[in-house]
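Colleague: The structure is given below, and queries will be raised subsequently.
2 protein chains.
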Amino acid sequence: MRDQRSECPIAYGLDFFGDKWSLLIVRDIAIYGRRRYGQFEAAGEGIATNILASRLKQLVEDGIIEKLRDPEHGSKRIYRLTPKGIDLLPIVVEIIIWSAKHDPDSPVTRGYLHRARRDRDGLLEEMRRNATA
Amino acid sequence: MRDQRSECPIAYGLDFFGDKWSLLIVRDIAIYGRRRYGQFEAAGEGIATNILASRLKQLVEDGIIEKLRDPEHGSKRIYRLTPKGIDLLPIVVEIIIWSAKHDPDSPVTRGYLHRARRDRDGLLEEMRRNATA
DNA sequence: CTGGATCCCAATAGATACTG
DNA sequence: CAGTATCTATTGGGATCCAG
Numbered sequence: 001m002r003d004q005r006s007e008c009p010i011a012y013g014l015d016f017f018g019d020k021w022s023l024l025i026v027r028d029i030a031i032y033g034r035r036r037y038g039q040f041e042a043a044g045e046g047i048a049t050n051i052l053a054s055r056l057k058q059l060v061e062d063g064i065i066e067k068l069r070d071p072e073h074g075s076k077r078i079y080r081l082t083p084k085g086i087d088l089l090p091i092v093v094e095i096i097i098w099s100a101k102h103d104p105d106s107p108v109t110r111g112y113l114h115r116a117r118r119d120r121d122g123l124l125e126e127m128r129r130n131a132t133a
Numbered sequence: 134m135r136d137q138r139s140e141c142p143i144a145y146g147l148d149f150f151g152d153k154w155s156l157l158i159v160r161d162i163a164i165y166g167r168r169r170y171g172q173f174e175a176a177g178e179g180i181a182t183n184i185l186a187s188r189l190k191q192l193v194e195d196g197i198i199e200k201l202r203d204p205e206h207g208s209k210r211i212y213r214l215t216p217k218g219i220d221l222l223p224i225v226v227e228i229i230i231w232s233a234k235h236d237p238d239s240p241v242t243r244g245y246l247h248r249a250r251r252d253r254d255g256l257l258e259e260m261r262r263n264a265t266a
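Chains A and B, in that order, give the protein sequences. Counting from 1, one number per residue, gives the positions in the first sequence under this note's numbering. Counting from 134, one number per residue, gives the positions in the second sequence under this note's numbering.
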């Protein structure tokens, strides 16, 4: 098991996803509908292949994502959020709201703000649908 | 300036606080009312002193916390959340809710769950007061 | 081809000792 | 008390290699 730093729930959570990449993989699945290794690799942030592989493996071990056989192409594999992973989406939404508010010059980022603020639950629901589709 | 990985608001936020320590410092201030270097150092997770110093410096540069002269002991310094840092608290609350739900054996952690779920806004308000006191 | 594993090197994090 | 300095360990980037 992953070693735990303390009994604090915040430390507990950060021990799972407190790095620069894990929540981006969750985002890729829930917002952009990405499912395959190559799609994650092609995301704009340029994650290194070894890091991607190690994060995917860790997230599967942690029960946040699951690795399945692609029903349409039997040889390929796809990744999906588990219920435990879907429960991370409220955190993701709050990060969007924070960034949208404090990113001074990104119109892209600020575009999310109205959406996220006005229709937080709708955005969440859309992400959940996307993640389980 | 910090280098930005992409235009994505989630990547943007994680570039600020996407590590295992930054949000714990925010927590120390907002939940435990800690203000001084030594208090952060004494927190249960055992952060190394150089890491603590570097995180504090970065958070100040990022405008998430501010370093002030202690009004009671002029020679000492205290750290406090800025409004930008206070805006991180909804993220912290969602992490608490996630951890409380998915930490299988911690009564400490699960103790927060009822509070956070039942009275999310009250918890937030209390943290805000604590952070600005 | 896709989905990784491996390797090398650079960069970052961390433990510990020490200092103003 | 509030940090720096130093040294070591771990992580990360990027190229390349390998299996199905």
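Ideal Cβ positions, reconstructed from N, Cα and C, are used throughout, including at glycine.
(1) Scan the stretch 170-192 of chain B for residues whose Cβ lies nearer than 7 Å to a Cβ of chain A and list them as they occur along the chain.
(2) Under 8 Å, with one C-beta from each stretch per pair, do the stretch 189-199 of chain B and the stretch 227-237 of chain B reach the 3-pair mark?
(3) Relative to the alpha-carbon of residue 261 of chain B, which residue among B/146, B/157 and B/164 has its alpha-carbon at the smallest distance?
(4) What does a CB cutoff of less than 8 Å around residue 223 of chain B pick up in its chain, not counting 5 residues either side in sequence?
(5) Between residue 150 of chain B and the rest of its own chain, which residues show a CB-CB distance below 6 Å, the 5 nearest in sequence each way excluded?
(6) Report yes if the C-beta distance between residue 141 of chain B and residue 45 of chain A is below 9 Å; otherwise report no.
(7) Does DSSP put residue 199 of chain B in a helix, a strand or coil?
(8) So for residue 35 of chain A, helix, strand or coil by DSSP?
(9) Going by alpha carbons, who is nearest to residue 19 of chain A out of A/132, A/52, A/133 and A/77?
(10) What are the start and end residues of each continuous beta strand (DSSP E) run of 3 or more residues lying completely inside the stretch 62-123 of chain A, in chain order?
(11) If you measure beta-carbon to beta-carbon, which residues of the stretch 102-130 of chain A are closer than 7 Å to chain B?
(12) Does residue 65 of chain A come within less than 9 Å of chain B when only Cβ atoms are used?
(13) Residue 65 of chain A and residue 26 of chain A: beta carbons closer than 9 Å?
(14) Indicate whether residue 265 of chain B and residue 210 of chain B have their beta-carbon atoms separated by less than 9 Å.
(15) Are any of the Cβ atoms in chain B nearer than 9 Å to that of residue 12 of chain A?
(16) Could you name the residues of the same chain whose beta carbon sits closer than 7 Å to that of residue 138 of chain B, not counting the 5 residues immediately before and after it, in chain order?
(17) My guess is that residue 236 of chain B and residue 243 of chain B are in contact by the Cβ rule of under 8 Å, so how many angstroms apart are they, rounded?
(18) Take the Cβ of residue 202 of chain B as the centre, count every other Cβ of all protein chains shown within 10 Å, and call the residue buried at 16 or more, exposed below.
(19) Considering only the alpha carbon of each residue, which of A/39, A/82 and A/36 lies closest to residue 61 of chain A?
Modeller: According to the data block:
(1) 177 and 178
(2) no
(3) B/164
(4) 257
(5) 156
(6) yes
(7) strand
(8) coil
(9) A/52
(10) 65-69 and 77-81
(11) 102, 103, 106, 108, 109 and 112
(12) no
(13) yes
(14) no
(15) yes
(16) 144 and 148
(17) 7 Å
(18) exposed
(19) A/82
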